[in-house]
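>
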Amino acid sequence: MRAIRTRSQERILTLLKNIKQGISAQDLYIELRNRSQSMGLATVYRSLEALKLEGQVQVRTLANGEALYSLTQQDKHHLTCLQCGLSIPIHQCPVHELETELKASHKFKVFYHTLEFFGLCNQCQVNSQ
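Following my numbering, the numbering of the sequence shown begins with 1 at its first residue and continues without gaps.
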């Protein structure tokens, strides 16, 4: 069953569909303002939270603490460099079977999962030697 959404939530969903990548709440706020669809920053955060709880939006927190929001998609996995911030997507899912087991054993509705490995990319390793 689909939840009833506010106009602000619909605007955010439409923008996220067009952007097709993660974006911070502040950048989302600026982008909406640039498109003459401005709303308060607090409204952006409230709408993102409601959409996240509905399973429509996922959030990925970077090593620097910045939260990036995007439409809920298939699993997201990354190698993230703590020095330069490079984020390399991993295209295979090493925990898909575990997710399926947890759904069944705990009767838990999973919207998405993430897996993030933190360390140093090759270039930062070379630069630090």
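The C-beta atom is built at its ideal place from N, Cα and C for all residues, glycine as well. Values in this document were obtained by computation on a predicted structure and should not be read as measured data.
Is the beta carbon of F118 closer than 7 Å to that of L86?
In this structure, F118 does not lie closer than 7 Å to L86 by Cβ.
> Applying the criterion that 16 or more other CB atoms from any shown protein chain within 10 Å of the CB defines a buried residue, is R11 buried or exposed?
Its Cβ being crowded by 16 or more others within 10 Å, R11 is buried.
> If the criterion is Cβ atoms closer than 7 Å, does the pair S36 and S8 meet it?
Going by C-beta atoms, S36 is not nearer than 7 Å to S8.
> Could you spell out the range, first to last residue, of the beta strand (DSSP E) harbouring Y69?
Counting along the chain, the beta strand (DSSP E) containing Y69 begins and ends at 67–71.
> Helix, strand or coil for C124? Go by DSSP, reduced to three states.
Correct three-state label for C124: helix.
> Measure the C-alpha to C-alpha separation of N122 and I4 and round it to an integer number of angstroms.
So the two alpha carbons sit approximately 47 Å from each other.
> So the beta strand (DSSP E) S58 belongs to, where does it begin and stop?
The sequence shown places Gln at residue 58, rather than the Ser named in the question. 57–61 is the span of the beta strand (DSSP E), which, as asked, contains Q58.
> Quick check on Q73 - is its C-beta less than 7 Å from some C-beta in chain D?
Judged by its chain identifiers, the structure shown contains no chain D, having just a single protein chain.
> Mapping DSSP to helix, strand and coil, what is H96?
DSSP places H96 in helix when its eight states are reduced to three.
> I believe A67 touches A25 by the beta-carbon criterion, under 8 Å. Please report the beta-carbon distance rounded to the nearest angstrom.
Between A25 and A67 the Cβ distance is about 7 Å, and since that is below 8 Å, they are a contact.
> Assess contact between the region 94–102 and the region 50–58, defined as three or more Cβ pairs (one per stretch) separated by less than 8 Å. Is contact present?
Touching, no, given that fewer than three Cβ pairs across the two stretches are closer than 8 Å.
> On a Cα-Cα basis, can you pick out the residue from L13, L115, N34, A63 that is closest to H77?
Ranking the options by Cα distance to H77, first place goes to L115.
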